[in-house]
Amino acid sequence: MADAADWNDFQLLVQMPHMAPGEKLSEVEFLKVLAAFQWEAIARALHRRPPELVNTQNERLYGSVIDVEVHLGERHSMEILGEDVNVRVRNRVRFFAKKFVEGLFLIDDQDIPESALAQIETRKDLRALRGSWACMTNAFIARGGSNAKLKVFKPVGADDRDVPEIGETPLGIVEQGRVQRSGEIDPLPGDPAAALHLPAKSDAPVFYQIVPESDLNGAGLVYFARYEAMMNYGERLFLSQRLARPFSAELISYLSTEHRKAYFFANALPNDVVEIRVEARVLPPGTFADPPAGQAYRTPIKLLFRIDLYRGSDNVLMASSLVRKALNVPGSAKGVLAEVERFLRTLA
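Numbering (numbering that gives the first Met the number 0), first residue to last: 0 to 347.
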């Protein structure tokens, strides 16, 4: 049984404009906050402040994200965790081979009891929960001369006796290696085989020009949360331009992330272009549970996306993701509900 004292306690007040565009929680901004919480937890484990994390050559270290998985449980959605909500986050980190860290998160809009923490040892335990959670795996890297190849380092302090360790390879590293080798990502839990393919009128990728002012982090690398932003950009253009019957911009704006697995393999130079390849399936009514009672929105369909990012300069795979998004439509958006009904008739 896990020791609740190992869990860090964080809180986030969701506020406009960046954290809650359209009054719902921004997935991209939330991922940034989770990464910041994890970096703070890593620094605490090493008895240092975050800017003091260095290798034995006294080079400042950064946390390169290997994988991230986020799941919102039955009581939550990006809308429920929206503006003015005080989100509670509990996080525990453990080191692997002195150079990697696995972080587990519990997420709620209410206080998280210590008894819930005591039941969580591994990512598999999290995946068995009905609540909201996340996982993130980091490698320690230093700023280098190129974004194409990154070297992993051991931080000063990692050899201390009280640094929490994990004996077996973190699941995120295992899965990331498998996805990179085979391209296969395990299905998201609960996804029915009845999901219907959304055919595209064109299989041409979406192109994204890297923007250094917004896409790079302190190490000069494309930040992991910006990969998700690129994926969201690719989804939007796929749905609005690539389908035989394109979705409206208003409909797309109501898509709300429920569960994402993302794996990261390579970075890119600031002047590169990213190719975004999108596949989509639809979950029609009757293939998923209704949203919590009393909510101000309806969920007529859900969408499943497989997104792969490739470096335009040499076609190297940068990242792969599976994501399920609910279409959470406010009752006032009658036009979008009618649009969905017309779309569903084309599937009959």
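Where is the CB? At the ideal position from N, CA and C, for every residue including glycine.
Beta-carbon within less than 6 Å of residue i's beta-carbon, same chain only, minus the 5 sequence neighbours each way: which residues are those?
i	result
Tyr-262	Asp-66, Gln-175, Val-178 and Ser-319
Ala-224	Val-27, Leu-30 and Lys-31
Arg-59	Val-53
Pro-245	Ser-239
Phe-19	Correcting the residue identity first, residue 19 is Ala in this sequence and not Phe. Counting only Cβ-Cβ distances below 6 Å, and skipping sequence neighbours, we find Val-13, Gly-81 and Glu-82.
Ala-218	Tyr-61 and Arg-142
Leu-236	Val-205
Glu-307	The amino acid occupying residue 307 in the given sequence is Asp; Glu does not appear at that position. So the qualifying residues of the chain are Arg-276 and Ser-319.
Tyr-222	Asn-216
Ile-111	Arg-87, Arg-89 and Leu-105
Check whether the Cβ atoms of residue i and residue j sit closer than 8 Å, and answer yes or no.
i	j	result
Arg-91	Asn-7	yes
Gly-130	Leu-105	yes
Leu-302	Lys-324	yes
Val-163	Phe-94	The sequence given here has Pro at residue 163, not Val. In contact: Pro-163 and Phe-94 (Cβ atoms closer than 8 Å).
Leu-149	Asn-266	yes
Asp-107	Arg-87	yes
Pro-329	Ala-288	no
Lys-153	Lys-97	yes
Leu-316	Leu-242	no
Glu-249	Ala-138	no
Thr-136	Gly-171	yes
Arg-310	Val-281	no
Val-151	Ile-140	yes
Gly-72	Leu-128	yes
Ile-209	Asp-271	yes
Gln-10	Asn-85	yes
So is residue i buried or exposed if we call it buried at 16+ other beta carbons inside 10 Å?
i	result
Gly-102	buried
Leu-321	buried
Glu-234	buried
Thr-55	exposed
Leu-12	exposed
Val-277	buried
Leu-116	buried
Arg-160	exposed
Pro-169	buried
Gln-109	exposed
Ser-213	exposed
Asn-327	buried
Arg-89	buried
Val-64	buried
Glu-113	exposed
Glu-227	buried
Glu-167	exposed
Glu-78	buried
Among residues of its own chain, excluding the 5 on either side of residue i, which ones have a beta-carbon nearer than 7 Å to its beta-carbon?
i	result
Ser-193	This sequence places Ala at residue 193; Ser is not what is there. Taken in chain order, the residues that qualify are Thr-286.
Pro-283	Leu-195, Ile-300, Leu-343 and Leu-346
Met-15	Glu-82
Ser-25	His-17, Met-18 and Ala-19
Arg-47	Gly-156
Pro-49	Trp-38, Glu-39 and Ala-42
Below 8 Å on the Cβ atoms is my guess for residue i versus residue j; work out the distance and round it to an integer in Å.
i	j	result
Glu-68	Ala-133	6 Å
Pro-291	Thr-298	With 8 Å as the limit, Pro-291 and Thr-298 do not qualify as a contact, their Cβ atoms being about 10 Å apart.
Leu-187	Lys-260	7 Å
Pro-269	Pro-191	Wrong, their Cβ atoms sit about 42 Å apart, outside the cutoff.
Ala-279	Phe-304	5 Å
His-258	His-70	5 Å
Phe-255	Lys-23	First, the amino acid is wrong: residue 255 is Ser here, not Phe. Confirmed, Cβ separation roughly 6 Å.
Excluding the 5 residues flanking residue i on each side, which residues of the same chain have their C-beta closer than 8 Å to its C-beta?
i	result
Tyr-350	The shown model of the chain, from 0 to 347, leaves out residue 350, and the question about it has no answer.
Glu-51	Ala-42
Ser-252	Gly-21
Leu-45	Leu-52, Pro-154, Val-155, Gly-156, Ala-157, Asp-159 and Val-162
TODO: Just list the beta strand (DSSP E) runs in the stretch 9–71, keeping only unbroken ones of 3 residues or longer that don't cross its boundaries, in chain order.
DONE: 60–70
- [ ] Give, in chain order, every unbroken run of the beta strand (DSSP E) that is at least 3 residues long and sits entirely within the stretch 258–286.
- [x] 272–282
Task: Any beta strand (DSSP E) of 3 or more consecutive residues that is wholly inside the stretch 181–233 - done: 205–208
Task: Sequence ranges, beta strand (DSSP E) only - wholly within the stretch 67–102, length at least 3 - done: Entirely contained in the stretch 67–102, the beta strand (DSSP E) runs reaching 3 residues are, in chain order, 85–95.
- [ ] Would you mind listing the beta strand (DSSP E) stretches within the stretch 114–186 that are 3+ residues and don't spill past its ends, in chain order?
- [x] 131–141
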